Amino acid sequence: HIDYCFRIHSQLLTNSITMGLSYSKWFHPLTAQKTEDGTYDPSPFTLALGTSAKSTYVAQTHEAKYTGTKPILVVCTDDGLLKMKNDKVFNTGNHPIEMFVPMLHFRDAGFTFDIATISGGPVVLEMWAYPTADEDVKSLNESVQSMMEKPKKLEEIKSLDDYAAIFIPGGHGAMVNLPESVDLGRLLHEAHEKSLPTVTLCHGPAALLASKAVEEKEFAYGGYKSVCFTDKTDGMTPSFGYLPGPMPWKCQEALEKQGIEIMNTTETGATNVDRELITGDSPNAAQNLGVVAAPILVKFHAE
8 HIDYCFRIHS
18 QLLTNSITMG
28 LSYSKWFHPL
38 TAQKTEDGTY
48 DPSPFTLALG
58 TSAKSTYVAQ
68 THEAKYTGTK
78 PILVVCTDDG
88 LLKMKNDKVF
98 NTGNHPIEMF
108 VPMLHFRDAG
118 FTFDIATISG
128 GPVVLEMWAY
138 PTADEDVKSL
148 NESVQSMMEK
158 PKKLEEIKSL
168 DDYAAIFIPG
178 GHGAMVNLPE
188 SVDLGRLLHE
198 AHEKSLPTVT
208 LCHGPAALLA
218 SKAVEEKEFA
228 YGGYKSVCFT
238 DKTDGMTPSF
248 GYLPGPMPWK
258 CQEALEKQGI
268 EIMNTTETGA
278 TNVDRELITG
288 DSPNAAQNLG
298 VVAAPILVKF
308 HAE
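According to my numbering, the sequence shown is numbered sequentially starting from 8.
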């Protein structure tokens, strides 16, 4: 136990030097770190053990690829400030690995992308989780950067007729304003009615709640099975400084109240496919989700 603790503290100190963290931050490794603007980043402990300089992306061989021209609609958050129950504000957004790794697999299968946010404002990423040594992620990021800076506005997308699928990346940022978006809800109902593949992971499934924001429409995914980041784990994370306080509301609980059956009890990198809904449980599922979802999208458009 002593040896383990020594190794953990050594790793934290090494990361503090590598990442330019101050000594005071290293000295409080289990505390979320207050930034200059008063918001909070995850603790050094979280950054050391919960993030990686490289993703687990491994390109797959595709016997069949998409040859059409319809892009995947990537619905991202434009708001990265999540107020916790204690009023502290967490710096969040879309998790870069959860966004770019599935997109790499979609790209490898022949797909292109359109990116949209509620306001048309820039996509917000959890930059503290960016895999800075991952050339595949960086290259894809660069290729879509202009779209991320000037995405489409969701209300301007009147139909999904010209889209191959919907992809909603995770990150706690997916819980900020997407779950109440009538425009996203309208598109989710259209996707549901057309059985258009709808892919999401981690906290991204919270955005499915937007389907109940549409007037005279019920929640689109009642009776579906899904995986997501569990409330149990979210409840633990303030204890080691991932979050600066308790969650303002619970993703899993809210989905279950609407009739979704959450299949996982912890995060193992699991995925689940139920009709058009394809889900992953965490950042660790990003690779698995891409591997599972890309061929499904190809097959859908080949039929």
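Note that the Cβ used here is the ideal one computed from N, Cα and C, for glycine as well.
In this text, all values refer to a predicted model and were calculated from it rather than measured experimentally.
So the candidates are the options; which of them puts its Cα closest to the Cα of residue i?
{"i": "asparagine 184", "options": "Gly211, Gly75 and Thr53", "result": "Gly211"}
{"i": "cysteine 83", "options": "Ile269, Ser59 and Leu191", "result": "Leu191"}
{"i": "glycine 100", "options": "Pro129, Thr53 and Asp115", "result": "Pro129"}
{"i": "valine 305", "options": "Glu274, Ala214 and Pro204", "result": "Pro204"}
{"i": "valine 131", "options": "Pro109, Ala181 and Lys160", "result": "Ala181"}
{"i": "asparagine 291", "options": "Val221, Ala261, Cys235 and Gly127", "result": "Cys235"}
{"i": "glutamate 260", "options": "Pro253, Ile269 and Gly252", "result": "Ile269"}
{"i": "glycine 276", "options": "Gly266, Asp288, Gln265 and Ile267", "result": "Asp288"}
{"i": "alanine 116", "options": "Val81, Ala301 and His308", "result": "Ala301"}
{"i": "aspartate 141", "options": "Glu222, Ser62 and Lys257", "result": "Ser62"}
{"i": "arginine 193", "options": "Ala217, Ser202, Pro176 and Leu208", "result": "Ala217"}
{"i": "aspartate 169", "options": "Ser233, Gly75, Gln152 and Pro36", "result": "Gly75"}
{"i": "aspartate 4", "options": "Lys159, Pro78, Ser146 and Cys209", "result": "Residue 4 cannot be examined here, being either before or after the span of the chain that is shown, 8 to 310."}
{"i": "leucine 80", "options": "Thr278, Glu149, Val206 and Glu156", "result": "Val206"}
{"i": "isoleucine 311", "options": "Glu133, Ser202, Tyr137 and Glu156", "result": "An answer regarding residue 311 cannot be provided, because it is not within the stretch 8 to 310 covered by the chain."}
{"i": "proline 138", "options": "Gly57, Lys77, Leu262 and Tyr73", "result": "Gly57"}
So the alpha helix (DSSP H) residue i belongs to, where does it begin and stop?
{"i": "asparagine 184", "result": "No alpha helix (DSSP H) contains asparagine 184, which DSSP labels as neither H nor E."}
{"i": "phenylalanine 120", "result": "Not the alpha helix (DSSP H): phenylalanine 120 falls in the beta strand (DSSP E), residues 120 to 124."}
{"i": "phenylalanine 307", "result": "293 to 309"}
{"i": "asparagine 6", "result": "With the chain covering 8 to 310 only, the question about residue 6 has no answer from this structure."}
{"i": "threonine 53", "result": "51 to 57"}
{"i": "alanine 198", "result": "189 to 201"}
{"i": "threonine 240", "result": "238 to 243"}
{"i": "leucine 111", "result": "103 to 115"}
Which residues mark the beginning and the end of the beta strand (DSSP E) in which residue i is found?
{"i": "isoleucine 267", "result": "No beta strand (DSSP E) holds isoleucine 267; DSSP gives it neither H nor E."}
{"i": "aspartate 281", "result": "278 to 281"}
{"i": "glycine 248", "result": "Per DSSP, glycine 248 belongs to no beta strand (DSSP E) and is neither H nor E."}
{"i": "isoleucine 79", "result": "79 to 82"}
{"i": "valine 206", "result": "205 to 208"}
With a threshold of 16 other CB atoms inside 10 Å of the CB of residue i, please say whether the residue is buried or exposed.
{"i": "alanine 172", "result": "buried"}
{"i": "histidine 199", "result": "buried"}
{"i": "arginine 114", "result": "buried"}
{"i": "glycine 297", "result": "buried"}
{"i": "lysine 219", "result": "buried"}
{"i": "glycine 266", "result": "exposed"}
{"i": "glutamine 294", "result": "buried"}
{"i": "alanine 309", "result": "exposed"}
{"i": "serine 233", "result": "buried"}
{"i": "tryptophan 33", "result": "With a pLDDT of 49 at tryptophan 33, under the threshold of 50, the predicted position of this residue should be treated as unreliable, though the coordinate-derived value follows. Flag for tryptophan 33 reads buried."}
{"i": "threonine 46", "result": "buried"}
{"i": "threonine 278", "result": "buried"}
To the nearest angstrom, how far is it from the Cα of residue i to the Cα of residue j?
{"i": "isoleucine 44", "j": "histidine 102", "result": "For the record, residue 44 in the displayed sequence is aspartate; it is not isoleucine. Roughly 21 Å separates the two Cα atoms."}
{"i": "serine 188", "j": "threonine 124", "result": "10 Å"}
{"i": "leucine 250", "j": "aspartate 86", "result": "17 Å"}
{"i": "serine 31", "j": "leucine 284", "result": "Per-residue confidence for serine 31 stands at a pLDDT of 49, beneath the threshold of 50, marking its modelled position as unreliable; the derived number appears in the next sentence. Distance between the alpha carbons of serine 31 and leucine 284 is about 45 Å."}
{"i": "phenylalanine 118", "j": "leucine 111", "result": "9 Å"}
{"i": "aspartate 281", "j": "tyrosine 231", "result": "6 Å"}
{"i": "histidine 196", "j": "glutamate 225", "result": "9 Å"}
{"i": "isoleucine 164", "j": "proline 255", "result": "30 Å"}
{"i": "serine 50", "j": "serine 246", "result": "10 Å"}
{"i": "serine 146", "j": "glutamate 223", "result": "43 Å"}
{"i": "lysine 160", "j": "phenylalanine 120", "result": "14 Å"}
{"i": "histidine 179", "j": "valine 151", "result": "22 Å"}
{"i": "isoleucine 175", "j": "glycine 248", "result": "26 Å"}
{"i": "alanine 71", "j": "valine 299", "result": "14 Å"}
{"i": "leucine 37", "j": "threonine 272", "result": "24 Å"}
{"i": "lysine 95", "j": "glutamate 263", "result": "27 Å"}
{"i": "glutamate 162", "j": "histidine 35", "result": "44 Å"}
{"i": "threonine 68", "j": "valine 221", "result": "40 Å"}
Quick check: is any heavy atom of the ligand GTP less than 8 Å from the C-beta of residue i?
{"i": "tryptophan 256", "result": "In the structure shown, the ligand GTP is absent, as is every other ligand, since no ligand is present at all."}
Assuming contact is defined by CB atoms lying nearer than 9 Å, are residue i and residue j in contact in what I supplied?
{"i": "threonine 244", "j": "threonine 53", "result": "yes"}
{"i": "phenylalanine 107", "j": "valine 144", "result": "yes"}
{"i": "leucine 241", "j": "tryptophan 135", "result": "According to the sequence as given, residue 241 is aspartate; it is not leucine. Taking 9 Å as the Cβ cut-off, aspartate 241 and tryptophan 135 do not qualify as a contacting pair."}
{"i": "threonine 42", "j": "asparagine 98", "result": "yes"}
{"i": "serine 59", "j": "isoleucine 104", "result": "yes"}
{"i": "histidine 154", "j": "proline 253", "result": "The amino acid at residue 154 is misidentified as histidine; the sequence shows methionine. Cβ atoms of methionine 154 and proline 253: not closer than 9 Å."}
{"i": "proline 186", "j": "alanine 227", "result": "no"}
{"i": "proline 158", "j": "glycine 127", "result": "yes"}
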